[in-house]
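Working notes, structure below.
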Amino acid sequence: ASGSLKWQVKAGTALPKAYEAELRVKAFLVGSRVWRSVGQLSENGLAPTRYSDSWRGERAAHFETDTQKISFSGNLPSAPLLPGAQDQVSLFIQMAATVSAQSFAPGAELNVQTATARDAVNWTLTYKADEFIDVNGDRLETQRWVCLPRGKFDSQIEMWLAKAKGGLPARIKITQTSGNFIDMEMRSSEALAALPD
551 ASGSLKWQVK AGTALPKAYE AELRVKAFLV GSRVWRSVGQ LSENGLAPTR
601 YSDSWRGERA AHFETDTQKI SFSGNLPSAP LLPGAQDQVS LFIQMAATVS
651 AQSFAPGAEL NVQTATARDA VNWTLTYKAD EFIDVNGDRL ETQRWVCLPR
701 GKFDSQIEMW LAKAKGGLPA RIKITQTSGN FIDMEMRSSE ALAALPD
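Convert by adding 550 to the 1-based position in the sequence shown; the result is the number in the numbering used here.
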């Protein structure tokens with residue numbers, strides 16, 4: 551299996567400005583699955599406007615600031631839009647910014663409303679420990695954060711955030727209720743061009 555996490559913003563220093571983030575996974579027999587987030591980068595962090603999960607079709611969540619709700623594909627019930635809300639992809643980028651800007655001790659917890667393609671509930675992320683990960687011969691110190699399943703059909707999310715990489719994940723592991731999991735470790739990183747106007 552292989553995967554990538556892409557993160558791009560529009561050029562310039564003025565805020566707010568558009569961003570796009572994408573988590574893509576390719577696996578034998580399973581094919582490709584893409585989670586995508588688009589929205590605005592503001593002084594308060596990321597503010598998603600649309601999140602999509604593409605695998606055997608596309609499902610999406612829409613962040614509607616005018617009505618203060620998050621709506622979902624397939625006539626699923628909407629959810630209230632809370633301050634600081636993220637989606638399953640923007641959460642990785644927002645967490646990168648958070649751990650870069652603040653100091654945390656193991657045991658710290660953060661509560662973030664996080665949207666999937668079917669709901670938006672508070673996720674509790676717990677800072678478990680400092681762990682080292684080898685990336686192309688470099689030994690990166692990371693913070694391991696874990697989000698336990700919220701419901702019986704939810705996945706466990708683990709991220710190892712590396713301050714030396716701007717807080718971005720050096721490893722992401724998503725474990726489904728079936729026991730199947732996606733485990734991605736950083737092999738390389740490169741700067742992407744700014745989003746076009």
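We put the beta carbon where it would ideally sit given N, CA and C, even for glycine.
task: For T692, name the three-state secondary structure that DSSP assigns.
output: As a first step, residue 692 must be located in the sequence shown, where it is residue number 142. Of the three classes helix, strand and coil, the one that applies to T692 here is strand, per DSSP.
- prompt: Is M512 helix, strand or coil when you go by DSSP?
  reply: With the chain running from 551 to 747 in the structure shown, residue 512 is simply not present.
- request: Provide the residue span of the alpha helix (DSSP H) that contains L641, from first to last.
  value: Position 91 of the sequence shown, counted from the start, is the residue given in the question as residue 641. Where L641 is concerned, the enclosing alpha helix (DSSP H) stretches over 640-651.
Alpha-carbon spacing of S739 relative to A635, whole angstroms: Sequence index remark: in the sequence shown, residue 739 carries index 189 (1-based). Sequence index remark: in the sequence shown, residue 635 carries index 85 (1-based). S739 and A635: Cα-Cα distance of roughly 27 angstroms.
task: Go ahead and pull the three-state DSSP assignment for N625.
output: Residue numbering aside, residue 625 sits at position 75 when the sequence shown is read from its first letter. Note: N625 maps to helix in three-state DSSP.
- request: Decide if E708 is buried, meaning its Cβ has at least 16 other Cβ atoms within 10 Å, or exposed.
  value: As a position in the sequence shown, residue 708 is number 158, starting the count at 1. Buried is the call here.
- request: Determine the direct distance from the alpha carbon of D747 to that of T648, and round the result to whole angstroms.
  value: Residue 648 sits at position 98 when you count from the first residue of the sequence shown. Residue 747 sits at position 197 when you count from the first residue of the sequence shown. Going by the C-alpha atoms only, they are around 27 angstroms apart.
- request: Give the C-beta separation of G589 and A597 to the nearest angstrom, bearing in mind that I take them to be a contact with Cβ-Cβ under 8 angstroms.
  value: Taking the first residue of the sequence shown as 1, we reach residue 589 at position 39. Taking the first residue of the sequence shown as 1, we reach residue 597 at position 47. Contact holds; Cβ gap of about 5 angstroms.
- prompt: Hey, quick one: how far does the beta strand (DSSP E) through P598 stretch, first residue to last?
  reply: Residue numbering aside, residue 598 sits at position 48 when the sequence shown is read from its first letter. Counting along the chain, the beta strand (DSSP E) containing P598 begins and ends at 595-604.
message: So for A714, helix, strand or coil by DSSP?
response: For the purposes of this step, residue 714 is identified with residue 164 of the sequence shown, where counting begins at 1. In the structure shown, A714 sits in a helix (DSSP, three-state: H, G or I).
field: 8 angstroms contact criterion, which S555 and P719 should meet: CB distance rounded
entry: For this step, residue 555 is matched to residue 5 along the sequence shown. For this step, residue 719 is matched to residue 169 along the sequence shown. Here residue 555 turns out to be Leu, not Ser, going by the sequence shown. Going by Cβ atoms, the distance from L555 to P719 rounds to 7 angstroms, so yes, they are a contact pair.
query: Taking the C-alpha atoms as reference points, what is the distance between M734 and T666?
result: Reading the sequence shown from its first residue, position 184 is the one you call residue 734. Reading the sequence shown from its first residue, position 116 is the one you call residue 666. Answer to the nearest angstrom: the Cα atoms are 20 angstroms apart.
- request: Work out the CA separation of M736 and D684 for me, nearest whole Å.
  value: Here residue 684 refers to the residue found at position 134 of the sequence shown. Here residue 736 refers to the residue found at position 186 of the sequence shown. Whole-angstrom Cα-Cα distance: 9 angstroms.
message: Tell me the rounded alpha-carbon separation between V575 and Y569.
response: Taking the sequence shown and counting its residues from 1, the one referred to as residue 575 is at position 25. Taking the sequence shown and counting its residues from 1, the one referred to as residue 569 is at position 19. For V575 and Y569, the distance between alpha carbons rounds to 20 angstroms.
message: So D669 and A629 are supposed to be a Cβ contact under 8 angstroms. How far apart are they, rounded?
response: Residue 669 sits at position 119 when you count from the first residue of the sequence shown. Residue 629 sits at position 79 when you count from the first residue of the sequence shown. Going by Cβ atoms, the distance from D669 to A629 rounds to 6 angstroms, so yes, they are a contact pair.
Residues near A679 in its chain [Cβ-Cβ closer than 6 angstroms; skip 5 each side]: On the sequence shown, residue 679 is found 129 positions in, with the first residue counted as 1. Cβ neighbours of A679 beyond the five flanking positions: P656, R694.
- prompt: Can you tell which of R600, E614, S552, R609 has the C-alpha that lies nearest to the C-alpha of E623?
  reply: Working through the sequence shown from its first residue, we reach residue 623 at position 73. One detail in the question is off: residue 623 reads as Ser in this sequence, not Glu. The option with the nearest alpha carbon to S623 is R609.
field: Residue from A744, E572, L742, I732 whose Cα sits closest to the Cα of L641
entry: By one-based count along the sequence shown, residue 641 stands at place 91. Closest option to L641, Cα to Cα, is E572.
Helix, strand or coil at D669 [DSSP, three-state]: Your numbering for residue 669 matches position 119 in the sequence shown. D669 falls in the coil class under three-state DSSP.
query: Helix or strand or just coil, what does DSSP make of D680?
result: Numbered from its first residue, the sequence shown carries residue 680 at position 130. Here D680 sits in strand by DSSP.
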